[in-house]
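In what follows, a structure is listed as structure tokens, so that the remarks can point back to it.
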Amino acid sequence: MSFLRKSGCRHILLQLLNNPGLNNKELSQAVGLSPSTISWNLNKLVEAGIIEREKTGRISKFTINDPSAIAELLICYKESFLDTLVDGFIEMWEFKNPK
Numbered sequence: 350m351s352f353l354r355k356s357g358c359r360h361i362l363l364q365l366l367n368n369p370g371l372n373n374k375e376l377s378q379a380v381g382l383s384p385s386t387i388s389w390n391l392n393k394l395v396e397a398g399i400i401e402r403e404k405t406g407r408i409s410k411f412t413i414n415d416p417s418a419i420a421e422l423l424i425c426y427k428e429s430f431l432d433t434l435v436d437g438f439i440e441m442w443e444f445k446n447p448k
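In terms of the working numbering, the sequence shown opens at residue 350 and continues consecutively.
Now the structure itself:
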């Protein structure tokens, strides 16, 4: 899936896999991108049906619709990502979910 090729989207998804229910500000702090960049990526992920937005008042929290599918895609295509964050996540995921 093309969204995994974009490091911003990939890092957002990794954060949401490990910490479901984060909001824009929390994701911005965790990923190190501006709130506007996070917001743009989140909107694209929501439009694609990859994540879900739960709005409570003025705060939106985000969760991945199918965490296992996203984790499997990250594992399957890990060789194409030059990303230590992905490598660390994959090690943790495989430890928690042995086959």
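Virtual Cβ for every residue (Gly too), placed ideally from N, Cα, C.
Can you check DSSP and say which residues form a bridge with Ile-400?
Ile-413
Find the nearest neighbour of Arg-407 within the set Asn-373, Ile-361, Trp-442 and Pro-447, judged by alpha-carbon distance.
Asn-373
Can you tell me whether DSSP reads Asn-372 as helix, strand or coil?
strand
Evaluate the contact criterion for the region 415-426 versus the region 377-396: three or more CB pairs, one atom per stretch, below 8 Å.
no
Opening and closing residue of the alpha helix (DSSP H) in which Arg-359 lies
356-367
8 Å contact criterion, which Leu-382 and Gln-364 should meet: CB distance rounded:
11 Å between Cβ atoms; not a contact.
Report, in whole angstroms, the separation of the C-beta atoms of Phe-352 and Ile-399, which I expect to be a contact under 8 Å.
7 Å
I'd like the list of long-range same chain contacts for Ala-397, defined as Cβ closer than 7 Å, with 5 residues on each side in sequence excluded.
Phe-352
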